[in-house]
Amino acid sequence: MLVVRHPMRAALALIATMLSLAGVYALLGVHVIAVFQVLIYVGAVMVFMVYVIMLLDVRDLSFAHRYSHLLAPGLLGFVLLMVALVIALWHGVDVPSSAHGGGLFGVQPFSIAFLNEYWLHFELVSVLLLAAVVAAIAVVKVGSKHRG
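The letter at position 126 of the sequence shown is residue 155 when you use our numbering, and the numbering goes up by one with no holes.
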């Protein structure tokens, strides 16, 4: 919100960033994580955030003036982070030997672990997301009754 003033444009920029991250995952050869990134974060979470922004109809930008003084320190921190990253890449990064022996990320071990050990966590998250959607619909219905 520091660079882009409109919340919808900020959400679309975040979607583009998430798609770029999926491209990085694909270039690294972890295609399953790239697909998960697109399906879960871009396809579900960010679409849900766009719906929330559209439902809230955020047009009051008075809060942007309160945080505009943070732009210079934020840019300075970004530049320092980029300098540190360039220095780290220039000198090389040592990879621990344990990282080489792990092999590639496979769909089958992930699926077995997911369906055997983490099925309850998945179901709880899906119920939580369902409750959030129901609550959003209830808020919209209550808001429409007061308007009309």
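Think of the CB as a built atom: it goes at the ideal place given N, C-alpha and C, for glycine as much as any other residue.
Would you mind sorting M2 into buried or exposed? The rule is 16 or more other CB atoms within 10 Å of its CB.
Outside the modelled stretch of the chain, which goes from 30 to 177, sits residue 2, for which no answer is possible.
Between the C-alpha atoms of P36 and N145, what's the straight-line distance to the nearest angstrom?
Their backbone Cα atoms lie some 40 Å apart in a straight line.
Please classify Q66: is it buried, with 16 or more other beta-carbons within 10 angstroms of its beta-carbon, or exposed?
With 16 or more Cβ atoms within 10 Å of its Cβ, Q66 is classed as buried.
Since V245 and M47 are thought to touch, with beta carbons under 8 Å apart, how far apart are those beta carbons, to the nearest angstrom?
No answer is possible for residue 245: the residues shown for the chain start at 30 and end at 177.
How should A160 be labelled, buried or exposed, when 16 other C-beta atoms within 10 angstroms of its C-beta is the threshold for buried?
Burial call: exposed.
Could you check the C-alpha separation between A142 and A39 for me, to the nearest Å?
Distance between the alpha carbons of A142 and A39: 36 Å.
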